[in-house]
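Sequential numbering of the sequence shown, starting at 124, is according to this note's numbering. The C-beta atom is built at its ideal place from N, Cα and C for all residues, glycine as well.
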Amino acid sequence: MQFPRSLWKPALALLLCVWLAPTGAYAKSAQQIDAEVNAALTKLYEINGTAKALAPQAKGILVFGKVVKGGLIIGGSRGLGSLMINGKKVAYYQTNSGSIGLQAGIEERSEVIMFMTDESLKKFQNSDNWEAGVDGSIAVINAGTGGDVTTKTAQAPIIGFIFGNSGLFAGVSFEGSKISHYTPE
124 MQFPRSLWKP ALALLLCVWL APTGAYAKSA QQIDAEVNAA LTKLYEINGT AKALAPQAKG
184 ILVFGKVVKG GLIIGGSRGL GSLMINGKKV AYYQTNSGSI GLQAGIEERS EVIMFMTDES
244 LKKFQNSDNW EAGVDGSIAV INAGTGGDVT TKTAQAPIIG FIFGNSGLFA GVSFEGSKIS
304 HYTPE
């Protein structure tokens, strides 16, 4: 099936709107990012006891408080966040992804990645452009599993959560997300 020529311009315009969204996925200060990160973690711990229980065991927690995702056939997402080790923010990061397929609309969500082993955390920290699914597989706990952790998931070196105002999302993944360092303004 060929992509309809009449949809290219609207699809690209929507993609640009997502990437340059006035909700401000970019050009944020450290204080703005920190506020979004803190709000996202608080929300996650309220809606999911598993995340709250796993957090103290994590070697590092990467939090993107506000990720804007959208598209019309062609899609993308962007967001800013920080890596926390022992409850302290140690570095800022940005996440980006792109996709082609059946999709339409814009959503705002939060993403949390817990590095459960020293090895997975070091590999992430030493990477300039870490890609989910390539540089590390993320075991996603989502609404489809009821937020429960299986023995296999609990032993995963990297565990992730994707959620919004209504709770954990179902049927989502981090695959294709590229994460790199970010310097706040």
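May I ask which residues mark the beginning and end of the beta strand (DSSP E) holding I285?
Going by DSSP, I285 is part of the beta strand (DSSP E) stretching over 281-287.
In three-state DSSP terms, what is E308?
coil
Does the distance from the CB of S205 to the CB of V190 come in under 8 Å?
Between S205 and V190, the C-beta gap is not smaller than 8 Å, which leaves the two residues out of contact.
What is the residue span of the alpha helix (DSSP H) that V161 lies within?
The residue you asked about is not Val; residue 161 is Asn in the sequence shown. Counting along the chain, the alpha helix (DSSP H) containing N161 begins and ends at 153-170.
For S300, name the three-state secondary structure that DSSP assigns.
coil
Does the region 167-176 touch the region 215-222, meaning 3 or more C-beta pairs lie closer than 8 Å?
no
Which term fits V257, buried or exposed, when burial requires 16 or more other beta carbons within 10 angstroms of its beta carbon?
exposed
Short check: CB of M237 to CB of A181, under 8 Å?
yes
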